[in-house]
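Residue numbers (my numbering), protein chains in the order written: chain A, 5 to 351; chain B, 5 to 351.
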């Protein structure tokens, strides 16, 4: 089949991770899996914007971003388009929305995603904002325009949790989803088991680069709540928003709590949970004591995991990385492969 | 899209599991996932054979098999076809090969699969024999005829290990696969950790229905070796056969071995392993001591698991059931969904 033409909105860590993978593995993806990706446009606030219908060399883009931090030296047909112009005007089948965003308004990423879908572009994104806040609206637009909205990188980075639940377990009857969806808090809890108190463990997480300077989004369970919403909507077909998630963080946990759990053969984990109960879907994030025999109990450090409870298979658990430049870049490859499969390419 | 017409070769436990799922969930699969499956033929040594181009009601087939054990009371256009006639003559897009087989010759399932592919039918199977013994030949035939060969149920029953490795991790660079692929031996090892000796544990596994009267295929690692071959060939594109697997069973393990591992914070597991080393792919089955922190260490009883080590994501582990009538029946649904996706159906 012909190449998938890709416009990147944002060329930060994730966009560069994707470009790195395409530079190193583009030929392999084409030859082994029939996935031929051609970057035709990039719009980035720092590097600037370039468009070339015949394609931009990912290695050249990386070199330019790494050298003087601009695309000035990259050959292009058009330059200086802003994100929305790029989405509307670039020759692209797929828009990768990788701009900054937040979990309060989802902007500007939400407008980017909405505009791309309305213009009949498939959208792939690693941004939780738009899909956690507006999945029902965006999914309806995608259906109406006959395009796909894929967001594998929003949950467990490139570990294919969403494609597992939504595609590979389709029809198995997922009744419950439980996951360790935030690496920072899991790292903190793992360190507390080794004897640190909450403040020490959080400082270590910050020193290791896991936690932000303002760690409240992680510690209060907001990040995990966004992922719970995405899981519920993508895998169970629910229509939840952030406000539907009952949420409790880990700041109240003490070393005494951690030791009491250990004495009972259990471990504290910040668990995101979605449960179907008839026509209702309930979602929560809260610290919970997990028996040591549960597959989630062994998930330590910054690793993430999700357990799907299904009617036909019982429990199916997926464990993998929850962050990382190449891991998150790979999430976009997984989404491109899904679009490739869905548009008639061989798997 | 139009219905996928399905011919079942074999109507034992797995075929009945599939029919049960289609009877209970056929409407849901059609409405939610666009997967419309119509059984047009069944050939079974005990129940007999029936063919109806307009479709056979799965509930009616189950009732007949459960009543007098024959399809005599099932309405049909044609009866009495043997398996090969059914494969050649039935109006079917997909042949589900569910007959008996073995890991020595793979027959008669191997001839069934080969014939179906040569006649341009997609093949789905839960039979290890044909795919462990003749994957390279069969895959080449499938490519030549433009059809798919799917065998999700041969490894970890309906837990989608093969689709995860071959589709969702495509391009992630799988360099190593390690798995607990045999439920019987894992059950025995788990019981030995609780204090049983090997003979007692094996007798318990037989009493629980996990182990056959002749448990040598499990205990000697032959079953796991077949699964290792399938993983290597399907996920890594290798061309291994059973003879390429270095194999050691668990009969030599003593309680003292198990206790020594526990004292070191480790657990004995029968590990199937595939490793890529340049152009070479090496495969083995052997009891190995796994650190308690490894995701495979927590996998107890008859549960199965596989860890894919990848260049872009590091380790990704999938844990789920390794057996069960509905679980194995669901493997065929997963394969039908993969064919549906690959032939242009929405995911």
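Beta carbons are placed, not taken as given, at the ideal position from N, Cα and C, and that holds for glycine.
| query | result |
| --- | --- |
| Quick one: is residue 20 (chain B) buried, meaning 16 or more other Cβ sit within 10 Å of its Cβ, or exposed? | buried |
| Hey, is residue 350 (chain A)'s beta-carbon within less than 9 Å of any beta-carbon in chain B? | Confidence at residue 350 (chain A) is low in this model, with a pLDDT of 49, below 50, so its placement is unreliable and the value that follows should be read with caution. Closer than 9 Å: yes. |
| Is residue 323 (chain B) close to chain A? Criterion is C-beta to C-beta, closer than 9 Å. | yes |
| Would you tell me roughly how many angstroms separate the C-alpha atoms of residue 288 (chain B) and residue 280 (chain B), rounded to the nearest one? | 12 Å |
| Would you say residue 12 (chain A) lies against chain B (beta-carbon separation less than 9 Å)? | no |
| Just grab the DSSP bridge partners of residue 134 (chain A) for me. | Beta-bridge pairing links residue 134 (chain A) to no other residue. |
| Using a threshold of 9 Å, state whether the C-beta atoms of residue 185 (chain A) and residue 227 (chain A) are closer than that. | yes |
| Any idea what DSSP makes of residue 50 (chain A), helix, strand or coil? | coil |
| What are the uninterrupted segments assigned as alpha helix (DSSP H) that are 4 or more residues long and contained completely in the stretch 209 to 263 of chain B, given in chain order? | 220 to 223, 226 to 240 |
| Let me check one thing: in DSSP terms, what residues is residue 272 (chain B) bridge-paired to? | B:293 |
| Please report how far the alpha carbon of residue 297 (chain B) lies from the alpha carbon of residue 194 (chain A), in whole angstroms. | 12 Å |
| Are the stretch 56 to 64 of chain B and the stretch 33 to 44 of chain B touching by the rule of at least three beta carbon pairs closer than 8 Å? | yes |
| Less than 9 Å between CB atoms is the rule here; does residue 32 (chain B) satisfy it with respect to chain A? | yes |
| Ignore the nearest five residues each way along the sequence and tell me which others in residue 310 (chain B)'s own chain have a CB closer than 6 Å to its CB. | 165, 183, 322 |
| Compute the minimum distance between the beta carbon of residue 146 (chain B) and the heavy atoms of the ligand MG, and state whether it is under 8 Å. | In the structure shown, the ligand MG is absent, as is every other ligand, since no ligand is present at all. |
| Tell me the DSSP bridge mates of residue 33 (chain A)? | Residue 33 (chain A) pairs with nothing; no bridge assigned. |
| First and last residue of the alpha helix (DSSP H) that includes residue 111 (chain A)? | That residue, residue 111 (chain A), is in no alpha helix (DSSP H); it is neither H nor E in DSSP. |
| Can you list the residues of chain A that residue 299 (chain B) reaches, using a CB-CB cut of under 9 Å? | 299, 302, 303, 307, 309, 321, 323 |
| Which class does residue 351 (chain A) belong to by DSSP, given the choice of helix, strand or coil? | With a pLDDT of 43 at residue 351 (chain A), under the threshold of 50, the predicted position of this residue should be treated as unreliable, though the coordinate-derived value follows. Of the three classes helix, strand and coil, the one that applies to residue 351 (chain A) here is coil, per DSSP. |
| Would you mind telling me which residues of chain B sit closer than 7 Å to residue 167 (chain A), beta carbon to beta carbon, in chain order? | 172 |
| Among A:246, A:64, A:32, A:87, which has the Cα closest to the Cα of residue 104 (chain A)? | A:87 |
| Go ahead and label residue 109 (chain B) buried or exposed: buried means 16 or more other beta carbons lie within 10 angstroms of its beta carbon, across all protein chains shown. | exposed |
| Could you tell me whether the Cβ of residue 25 (chain B) comes closer than 9 Å to any Cβ of chain A? | yes |
| When you compare only the Cα positions, how much space is there between residue 224 (chain A) and residue 275 (chain B)? | 40 Å |
| What is the C-beta distance between residue 154 (chain B) and residue 343 (chain B), in whole angstroms, given that I count them as a contact (C-beta under 8 Å)? | 7 Å |
| Quick check on this structure: which residue in B:327, B:243, B:249, B:257 has the alpha carbon closest to the alpha carbon of residue 143 (chain B)? | B:243 |
| DSSP on residue 302 (chain A), reduced to helix/strand/coil? | helix |
| List the residues of chain B whose Cβ lies closer than 8 Å to the Cβ of residue 163 (chain A), in chain order. | 317, 320 |
| Taking only the alpha-carbon atoms, compute the straight-line gap between residue 106 (chain A) and residue 72 (chain A) and give it to the nearest angstrom. | 28 Å |
| Among A:24, A:32, A:93, which residue has its Cα nearest to the Cα of residue 65 (chain A)? | A:24 |
| State the DSSP-derived secondary structure class of residue 24 (chain A), mapped to helix, strand or coil. | helix |
| Examine chain A for any beta-carbon lying closer than 9 Å to the beta-carbon of residue 146 (chain B), and answer yes or no. | no |
| Tell me, to the nearest whole angstrom, how far the beta carbon of residue 18 (chain B) is from that of residue 328 (chain B); I am working on the premise that it is less than 8 Å. | Not really, about 10 Å apart at Cβ, beyond 8 Å. |
| With DSSP collapsed to three states, give me the class of residue 148 (chain B). | helix |
| Of all Cβ atoms in chain B, is any one closer than 9 Å to the Cβ of residue 198 (chain A)? | no |
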